[in-house]
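Trainee: In the UniProt record's numbering, the protein residues as written are 1 to 157. The beta carbon of each residue, even a glycine, is placed where N, CA and C say it ideally should be. Only a predicted model underlies this, so the values are computations on that prediction, with no experimental measurement involved.
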């Protein structure tokens with residue numbers, strides 16, 4: 001994985017990350033410097049004809065390990081804000097066994113769904129309708145995540 005800051009910014013635009021997070025170009029440069037200090041990446045300066053020098057960044061072994069660990073954690077964690085998982089899904093091919101991780105995610109999601117359904121069955125009619133509707137809304141979010149995870153599993157088969 002080799003890239004320069006300009007290519008990273010362009011990739012973020014292609015992925016429509018701006019719809020999830022507002023990332024300024026300066027943030028990309030600052031993040032690269034932090035990652036370099038942590039020894040997750042290293043930069044080498046390249047010269048291309050009369051063009052200005054550009055720094056090409058590559059993942060170190062330490063960076064690859066951290067990247068894989070972060071992807072695994074993002075896949076196996078569930079949060080009602082699904083942006084982190086959505087971003088991790090873009091890089092799922094970087095994992096050795098994504099199908100196994102996604103299957104584990106399905107188990108986690110089904111456990112959440114079971115808990116929500118149990119909660120719905122014990123809800124009394126005397127609770128406010130807005131509270132009942134909110135619990136049902138969380139059920140719909142989990143069901144959507146289950147469907148999306150199943151779709152990813154089918155896509156990698």
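#1: To the nearest angstrom, report how far apart residue 39 and residue 33 are at their CA atoms.
#2: Three Cβ pairs or more, each shorter than 8 Å: is that satisfied between the stretch 41-50 and the stretch 66-75?
#3: So, at 6 Å on beta carbons, what are the nonlocal neighbours of residue 108 in its own chain, with the 5 sequence-adjacent residues on each side left out?
#4: Mind checking who residue 41 pairs with in its DSSP beta bridge?
#5: Can you tell me whether residue 27 is buried or exposed, with buried defined as 16 or more other CB within 10 angstroms of its CB?
#6: Would you kindly report the start and end of the unbroken alpha helix (DSSP H) that includes residue 116?
Mentor: Put simply:
#1: 10 Å
#2: no
#3: 78
#4: 59
#5: Counting Cβ neighbours within 10 Å, residue 27 comes out exposed, since fewer than 16 surround it.
#6: 98-122
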